[in-house]
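A quick write-up on the structure given underneath.
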Amino acid sequence: MNPRIIIADDAGFMRRMLINILSQGGFEVVGEAENGVQAVELYKQLKPDAITMDITMPEMDGITALKEIIAYDSNAKVVMCSAMGQQFMVVEAIKLGAVDFVEKPFQTEQVVKALHKALNI
112 MNPRIIIADD
122 AGFMRRMLIN
132 ILSQGGFEVV
142 GEAENGVQAV
152 ELYKQLKPDA
162 ITMDITMPEM
172 DGITALKEII
182 AYDSNAKVVM
192 CSAMGQQFMV
202 VEAIKLGAVD
212 FVEKPFQTEQ
222 VVKALHKALN
232 I
């Protein structure tokens with residue numbers, strides 16, 4: 112069975128890019144969120160194997176959503192997605208419980224490797 116993943120990113124084209132990468136990498140994308148509020152709700156509803164989380168999103172940013180998801184499920188596998196220059200935020204996210212991060216623009220190999228690491232596969 113393929114690992115079930117939620118993608119949280121406010122940019123539709125970034126979500127589509129991740130869906131393509133993950134689908135080709137043997138993952139099943141079970142949900143998409145445009146902001147942190149949706150990400151937390153979807154995580155609770157769908158209980159995925161992992162979630163990719165953009166740091167900068169409207170309504171609730173990725174760091175706040177990460178905190179809420181970890182508070183809900185301390186074993187959550189969250190991979191943060193960051194733009195260049197967000198190093199401080201990435202370090203903060205890892206301290207808060209994110210398992211890894213990938214940098215934009217996405218490189219297929221990097222994304223698949225981060226999720227394999229997160230899921231120990």
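Residue numbers (this note's numbering): 112 to 232. Built from N, CA and C at the ideal position, the CB exists for glycine as well. Computed from a prediction, not measured in an experiment: that's the story for all the values here.
Beta-carbon contacts of residue i that lie in its chain and below 6 Å, excluding the five residues immediately before and after
i	result
residue 150	119, 144 and 176
residue 136	223
residue 168	121, 146 and 147
Collapsed DSSP secondary structure at residue i in the structure displayed
i	result
residue 213	strand
residue 130	helix
residue 145	coil
residue 119	strand
Check whether residue i and residue j have beta carbons under 7 Å apart
i	j	result
residue 221	residue 213	yes
residue 219	residue 190	no
residue 141	residue 133	no
residue 181	residue 154	no
residue 225	residue 188	no
Chain-order list of residues whose beta-carbon lies under 7 Å from that of residue i (same chain, five-residue window excluded)
i	result
residue 178	207
residue 197	166
residue 170	146, 147 and 148
Among the options, nearest to residue i - alpha-carbon criterion
i	options	result
residue 138	125, 159, 155 and 147	159
residue 126	230, 225, 227 and 215	215
residue 231	161, 131, 192 and 129	161
residue 128	113, 172, 192 and 155	192
residue 174	186, 152, 229 and 203	203
residue 217	156, 183, 195 and 200	195
residue 201	186, 123, 172 and 183	172
Residue i Cβ short of 6 Å to the ligand GTP heavy atom set
i	result
residue 148	In terms of ligand content, the structure shown is empty, and the ligand GTP therefore cannot be addressed.
What runs of the alpha helix (DSSP H), each 4 residues or longer, lie entirely inside the region 145-213?
147-157, 173-183 and 198-207
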